[in-house]
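All residue numbers for the sequence shown refer to our numbering, where the first residue is 136 and numbers rise by one.
The structure appears right after this line, and notes come after that.
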Amino acid sequence: MKRSASKKAYQEALKYFPGGVNSPVRAFGSVGGSPLFIKKGAGSKIYDVDGNVYIDLVMSWGALMLGHAAPEVVRAVEDAVKLGSSFGAPTCAETELAKMIRDAVPSIQKMRFVSSGTEATMSAIRLSRGFTGRDKIIKFDGCYHGHGDSLLVKAGSGAATQGIPGSKGVSASLSRDTIVCPYNDIAYFRKVVAKQGKDIACVIVEPVAANMGVVLPGIGFLEEIRALTKKHGIVLVFDEVITGFRIHFGGVQTILNVKPDLTCLGKIIGGGLPIGAYGGRKDIMDHVAPLGGVYQAGTLSGNPVAVAAGIANLKALKKKDYAALNDKTAILCDGLEAAFIKAGVPVTVNRAGSLFTVFFTKGPVDDFKDAKTSDTKRYAKYFWSMLDQRINIAPSQFEAQFLSFSHTDKDIQAILNAL
Ligand code: HOZ
136 MKRSASKKAY QEALKYFPGG VNSPVRAFGS VGGSPLFIKK GAGSKIYDVD
186 GNVYIDLVMS WGALMLGHAA PEVVRAVEDA VKLGSSFGAP TCAETELAKM
236 IRDAVPSIQK MRFVSSGTEA TMSAIRLSRG FTGRDKIIKF DGCYHGHGDS
286 LLVKAGSGAA TQGIPGSKGV SASLSRDTIV CPYNDIAYFR KVVAKQGKDI
336 ACVIVEPVAA NMGVVLPGIG FLEEIRALTK KHGIVLVFDE VITGFRIHFG
386 GVQTILNVKP DLTCLGKIIG GGLPIGAYGG RKDIMDHVAP LGGVYQAGTL
436 SGNPVAVAAG IANLKALKKK DYAALNDKTA ILCDGLEAAF IKAGVPVTVN
486 RAGSLFTVFF TKGPVDDFKD AKTSDTKRYA KYFWSMLDQR INIAPSQFEA
536 QFLSFSHTDK DIQAILNAL
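Here it is in structure tokens:
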């Protein structure tokens, strides 16, 4: 397959960006070789600068639930941008999007729009600290909540891919305030909270972990976290940047029946444009400036083009059959698993709705320690073999794959044939 134009573009990009990229996983560090440079996307496909076409299972890391360049989103963006790309002032469209989100995720009584998932989690943590007057936070090993300083301790996603347990540049005092617990180990969590509960501002967790690969919460794990945080006056923050509007129309919290105090959203609520949101209990959110003393602001917060894309995206998604998409993903995962079993390759396929990971380990994979037993060299081989057959999967073992409403049965068959 011809990749010379991508290679040339990468050489040029290396002169301008660290590692040639604007986000580390894109550099293909853990699978080797050099990244594809993308020219366009349409539905379930992406097109690189060499003219190759791929079935895409990355889908902008989960943001594109309708597929690439969904016509209703493109139209909304075109219409909005003609009226102005940014005002730095309130618009009625922000309230419209907020209403749609609150109707779908009722634990979010009030919210604030920001420009990325990272900003949402950073702000939710500052708010939790301001609200409780406490400094420490708990996160879980292998969960990734964006690149805010407090959260880059034992983080998943790109940090895990690069083997960076804690980022340089994060002050020792901030690291000390972040307590890390193993995912799905409620006994460990119970002990930490029993000892330090009165100093802990918040617990932040991905209710379905998707940044160490997909890892599902065990029975009772989130429920007990909820009960203990309530008991100790700790704010419970669900990071639903990936799971929000992914598994059904709303947060995965509704399906799991656990109500956090604050929720962080991003990706799908902007239909592929930069947006994030944090929100939750009104009494907590009212501590945000200008009502309260927790400061957070942004010129592009509630940006009219991103908000228009978000409204169009959610309007379209509300009419979609999530159960059918989840079933389609199950068929794909069953087919992948069967093929690996037939070939005698030990794998564990974890799935939640339309997001999944094939771990190259016999499993089970219930936490980051399990995920790290995966054969990442084998993953790299799998990645390149699929790419050569025009299937684009995440260039890291520690990420999720995403199906969208634009993937057809023919796409599923093509993926299985390639495997
Ligand atoms: N860390 C992101 C996925 N979990 C990757 C973001 C990107 O490279 O676009």
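Here a beta-carbon is modelled for each residue, glycine too, at the ideal position from N, C-alpha and C.
Relative to the ligand HOZ, even the nearest heavy atom lies 8 Å or more away from the CB of V240.
Between V343 and L351, the C-beta gap is smaller than 9 Å, which places the two residues in contact.
If the five residues before and after G155 are omitted, its C-beta is found closer than 7 Å to the C-beta atoms of Y145, A148, L149 and A162, all from its own chain and listed in chain order. In this structure, D191 is the residue among D191, P153 and D462 with its C-alpha nearest to the C-alpha of F518.
Between Q536 and S509, the gap from beta carbon to beta carbon reaches 9 Å or more. Taken through DSSP and simplified to helix, strand or coil, Q548 comes out as helix. Put simply, of K271, S306 and A224 the residue whose alpha carbon is nearest the alpha carbon of K330 is K271.
Relative to I369, the option among E375, R361 and V376 whose CA is nearest is R361.
By the Cβ criterion, the segment 363 to 378 is not in contact with the segment 287 to 296, since fewer than three pairs of Cβ atoms, one from each stretch, lie closer than 8 Å.
In the DSSP assignment, K274 falls within the beta strand (DSSP E) that extends over K271 to F275. Excluding the 5 residues flanking it on each side, G427 has same chain C-beta neighbours closer than 8 Å at G265 and D421, in chain order. The DSSP assignment places 483 to 487 as complete runs of the beta strand (DSSP E) inside the segment 437 to 491, in order along the chain (cut-off: 3 residues). A direct Cα-Cα distance of roughly 22 Å separates V340 from G498. Taking C-beta separations shorter than 6 Å and ignoring five residues to either side along the sequence, the partners of M257 in its chain run G283, following chain order. Between L218 and V442, the CB-CB gap reaches or exceeds 9 Å. Sequence-distant partners of V166 (beyond 5 residues in either direction) whose C-beta falls short of 6 Å from its own C-beta, in its chain, are A515, F518 and P530. When rounded, the separation of the alpha-carbon atoms in T378 and G386 is 7 Å. In this structure, I403 keeps its C-beta atom at 9 Å or more from the C-beta atom of A412. G348 has its Cβ no nearer than 8 Å to any heavy atom of the ligand HOZ.
In this model, H542 and G202 are separated by some 8 Å (Cα to Cα). With contacts defined as CB atoms closer than 9 Å, L460 and L538 qualify as a contacting pair.
In this structure, I547 places its C-beta atom within 9 Å of the C-beta atom of G470. Burial check for I466: the Cβ neighbour count within 10 Å stays below 16, so the residue is exposed. Per DSSP, reduced to three states, the secondary structure at K150 is coil, with no helix or strand assignment. Counted as a single uninterrupted DSSP element, the beta strand (DSSP E) harbouring C399 occupies residues L397 to L400. For T313, there is no enclosing alpha helix (DSSP H); the enclosing beta strand (DSSP E) has its first and last residue at T313 to C316. For the options F248, V216 and G186, the alpha carbon positioned closest to that of G176 is the one of G186.
In chain order, S141, L171, F172, I173 and K174 place their CB closer than 7 Å to the CB of D183, counting only its own chain and leaving out the 5 sequence neighbours on each side. Counting only residues of its own chain and dropping the five nearest sequence neighbours on each side, S158 has a CB closer than 8 Å to the CB of G293. Within the same chain, S292, G293, T296, A529, P530, S531 and E534 come within 8 Å of V160 by CB-CB distance, once the 5 residues on both sides are set aside. Rounded to whole angstroms, the separation of the alpha carbons of I476 and R261 is 47 Å. The ligand HOZ approaches E534 closely enough that one of its heavy atoms is under 8 Å from the residue's Cβ. DSSP links K175 through a beta bridge to Y182. When DSSP states are grouped into helix, strand and coil, D214 belongs to the helix group. Taken through DSSP and simplified to helix, strand or coil, R381 comes out as coil.
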